[in-house]
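Working notes, beginning with the structure itself.
Protein chains in written order, with our numbering: chain A, 35 to 454; chain B, 35 to 454.
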């Protein structure tokens with residue numbers, strides 16, 4: 035009995051915009067009958083993307099222009115990135131972050147995180163515990179030593195990055211963690227011994243204790259009843275989860291509105307905010323549906339195509355609209371702005387040569403167009419008031435050469451007093 | 035990294051048999067150099083089957099001979115049943131058991147349960163809570179009233195049947211219970227509201243309180259990580275489960291040894307006994323694998339075939355051997371001795387006309403042949419001792435016209451003193 039798919043636009047207005055009444059004063063008196071300029075500075079909704087490609091750029095390690103370096107990590111593509119996104123996910127895969135025990139890549143990643151934060155982004159670390167891409171040296175340790183190393187790693191990194199990264203995918207893919215059988219690894223070993231819920235408790239306790247202000251996510255790709263059962267067990271055990279992360283790589287085809295809404299509904303009933311943490315929609319051919327583990331799909335080339343790009347643009351718009359139409363969703367992280375990332379898939383909004391696809395333009399026309407208030411001149415009334423409808427987020431108002439910021443935090447009517 | 039499939043026979047010997055040394059005395063002195071007859075009376079392993087077909091026979095409601103009544107419920111087929119099985123599952127589907135609120139089918143089912151118990155069987159009730167086949171009148175109630183009715187139903191039935199039925203599938207298919215969407219029903223409604231773990235706690239508490247001696251099962255068809263996650267959550271929440279029930283209807287083909295052992299291993303790691311609660315292996319064509327809900331497969335006729343019967347016999351032997359080779363498995367319930375039960379499938383060991391298939395003979399030659407000690411004459415030594423190897427279970431020894439029973443409870447060496 036799936037519910038019908040509603041028109042998303044009225045719901046987006048309802049859940050994502052405020053009808054603002056600004057009362058502007060200067061020196062304590064209403065600024066009556068004056069021109070003011072109101073402009074949106076940031077979305078409250080987290081339009082996210084991975085920022086992996088820009089680690090060299092942020093650290094000044096490479097040539098920065100297209101033609102001199104791979105386009106994906108260039109300054110030009112970075113400009114495209116910042117024009118669309120306000121939320122960056124950075125890689126903390128243990129095996130890459132600390133390939134040699136005791137030598138974590140902290141400085142370089144901290145520079146990258148600050149680079150994003152300085153440009154107005156929320157930054158998230160991904161992930162603190164996962165069986166895939168974990169440190170190879172764990173397998174030399176006993177289970178007790180692995181658990182200790184895992185806890186210490188979490189304490190160290192959440193402490194080192196606190197204030198710059200205050201959001202973490204604490205643990206990834208716990209549903210299959212203890213039964214993962216592609217290769218031996220230390221994390222599967224301890225999870226199988228201790229059980230999923232004690233594992234989740236251990237890693238969340240470590241992160242919470244080291245950075246009490248952090249937003250902590252449980253993240254999984256398994257959208258079946260298994261993840262529901264895991265979540266219910268974790269919540270019943272009294273473990274505090276701040277956000278439920280839902281992966282949604284769609285290399286095998288766009289989910290469509292009905293499945294997307296049904297999925298959100300199933301996970302929204304726990305009353306926790308939902309982040310779509312890892313979304314991919316390809317602009318080339320679709321991966322055959324018989325592939326179970328996406329990593330098993332290895333092909334020499336997976337090209338973007340004109341028809342694929344048109345389809346992707348349509349699906350991207352529909353998907354973002356669907357997510358914003360549901361009040362439980364607070365963030366969406368796209369899994370790579372440029373083509374050629376994970377699986378070599380044409381999943382980006384930008385081609386390998388750095389040129390934007392139709393999906394880029396389509397999404398930008400929402401995020402910085404239909405859903406955005408550009409600098410707009412308004413005239414205050416006799417009581418110093420202006421009214422406008424705007425998407426939730428951060429705004430600025432300028433009059434007489436002075437600028438003040440304000441935020442619209444909740445949908446519905448908002449009364450805001452600003453003093454210039 | 036699935037483990038290799040071992041030869042089951044040595045493992046069956048190891049886990050299922052004892053090397054017994056009987057010391058026989060009469061009037062306090064060893065019965066030296068005497069002929070005695072030792073015979074097995076019952077298996078410890080629960081070789082189970084549903085007993086649904088025999089409710090009319092047990093209640094004297096029908097003609098009882100083949101030719102006068104459907105063969106499946108006839109006295110002749112009942113004789114075949116009791117020659118193979120020692121464990122009966124009886125139907126307590128709420129919608130059938132109490133179609134009109136307040137008028138449960140208690141007397142008739144109690145007569146049936148006693149009929150099986152009087153013939154030496156352990157009897158189990160199935161199930162006390164399930165969203166499918168539940169009482170239709172629940173939908174007229176509020177959620178609080180449904181929960182109250184569910185608890186009262188469990189207390190009533192576990193109390194009414196205590197001493198005859200002391201084993202219950204307390205709750206069935208909780209993994210999908212709150213998201214079941216084929217049709218509206220009261221149990222899905224309350225499970226969705228309260229969550230899976232509180233639902234399990236509620237029904238187990240009710241059953242445990244009403245019959246503290248009962249063996250209580252959690253039962254599911256979902257063999258994926260979802261059931262693992264549910265179990266881990268339930269155990270972590272401190273709910274006492276006595277036995278994990280694994281369904282294994284194989285209308286879509288025999289699982290094979292590797293999958294069966296891997297499944298047992300995954301669920302055995304919780305340290306609870308495992309019952310295979312619902313097994314079907316067909317002797318006709320295999321249901322296409324694209325069918326997700328087996329109930330969706332509706333065909334006018336599903337015949338048993340000679341080739342299918344040969345395959346079934348082979349698979350049945352392999353499957354029972356695999357289960358007995360793993361020490362965690364304590365019971366196996368076959369889902370119907372006769373053809374034409376659920377889905378009209380040729381899943382029985384007996385054809386619709388009441389004649390046994392090769393699978394019946396093959397299984398009987400294990401249960402009452404290779405794995406069984408028929409009345410066997412032995413001669414005691416000078417100290418009154420005889421030695422034999424036997425499958426765990428109940429035995430009798432007869433000498434000089436007197437008979438005494440004894441049991442072999444644990445695998446390995448067993449010293450037993452019997453006084454004739």
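Glycine included, every Cβ here is placed at the ideal spot set by N, Cα and C.
Annotated three-state conformation of residue 333 of chain A is coil, per DSSP. Inside the region 149-219 of chain A, DSSP marks whole alpha helix (DSSP H) runs of 4 or more residues at positions 177-194, from first to last along the chain.
Among the residues of chain B, those whose CB is under 7 Å from the CB of residue 264 of chain A are 263, following chain order. By the Cβ neighbour-count rule, residue 48 of chain A is exposed, with fewer than 16 other Cβ atoms within 10 Å of its own. Note on residue 368 of chain B: 16 or more other CB atoms within 10 angstroms of its CB, so buried under the neighbour-count rule. Judged by their CB atoms, residue 75 of chain B and residue 429 of chain B are nearer to each other than the 8 Å cut-off.
Residue environment: residue 341 of chain A is assigned as exposed (fewer than 16 neighbouring CB atoms within 10 Å of its CB, all protein chains considered). Across the structure, residue 317 of chain B and residue 86 of chain B are spaced so that their CA atoms are roughly 21 Å apart. From the listed residues B:426, B:94, B:278, B:168, the smallest Cα separation to residue 202 of chain B is found for B:278. Below the 8 Å Cβ cutoff, chain B contributes 229, 231, 232, 267, 270, 271 as neighbours of residue 270 of chain A, in chain order. Against chain B, a Cβ distance below 9 Å from residue 213 of chain A picks out 259, 262, 300. Neighbours of residue 209 of chain B across chain A, judged by C-beta separation under 7 Å: 259, 263. Across the set A:95, A:120, A:118, A:119, the C-alpha of A:95 shows the shortest separation from the C-alpha of residue 108 of chain A. Looking at the DSSP output, residue 346 of chain B bridges to nothing. Look at the region 241-302 of chain A and you find these whole runs of alpha helix (DSSP H), each 4 residues long or longer: 259-270, 291-302.
Runs of the beta strand (DSSP E) lying entirely within the region 60-104 of chain B and spanning at least 3 residues, in chain order: 69-77, 80-84. In this structure, DSSP gives residue 52 of chain B an extended state, which the three-state scheme calls strand.
Assigned with DSSP and collapsed to three states, residue 390 of chain A falls in strand. With respect to the 8 Å criterion, residue 224 of chain B and residue 181 of chain B are classified as neighbours on the basis of their beta carbons.
Taking a C-beta distance under 8 Å as the contact criterion, residue 50 of chain B and residue 79 of chain B qualify as a contact pair.
Its Cα nearest to that of residue 242 of chain B, the residue B:185 stands out among B:254, B:289, B:185. About 17 Å separates the Cβ atoms of residue 296 of chain B and residue 260 of chain A, ruling out a contact at the 8 Å cut-off.
For residue 92 of chain B, the closest of B:60, B:390, B:144 by C-alpha to C-alpha distance is B:144.
Distance between residue 399 of chain B and residue 405 of chain B, taken at the CA atoms: about 8 Å. Where residue 310 of chain B is concerned, the enclosing beta strand (DSSP E) starts and stops at 308-315. Between the alpha carbons of residue 417 of chain A and residue 57 of chain A lies a distance of about 8 Å.
Residue environment: residue 325 of chain A is assigned as exposed (fewer than 16 neighbouring CB atoms within 10 Å of its CB, all protein chains considered). Put simply, the backbone Cα of residue 331 of chain B is about 10 Å away from that of residue 378 of chain B. When the beta-carbon positions are compared, residue 410 of chain B and residue 73 of chain B come within less than 8 Å of each other.
Counted as a single uninterrupted DSSP element, the stretch harbouring residue 365 of chain A is not any alpha helix (DSSP H) but the beta strand (DSSP E) occupying residues 363-368.
Around the beta carbon of residue 111 of chain A, 16 or more other beta carbons sit within 10 angstroms, so the residue counts as buried.
It is roughly 21 Å from the alpha-carbon of residue 137 of chain A to the alpha-carbon of residue 176 of chain A. CA-to-CA, the gap between residue 421 of chain B and residue 193 of chain B works out to about 43 Å.
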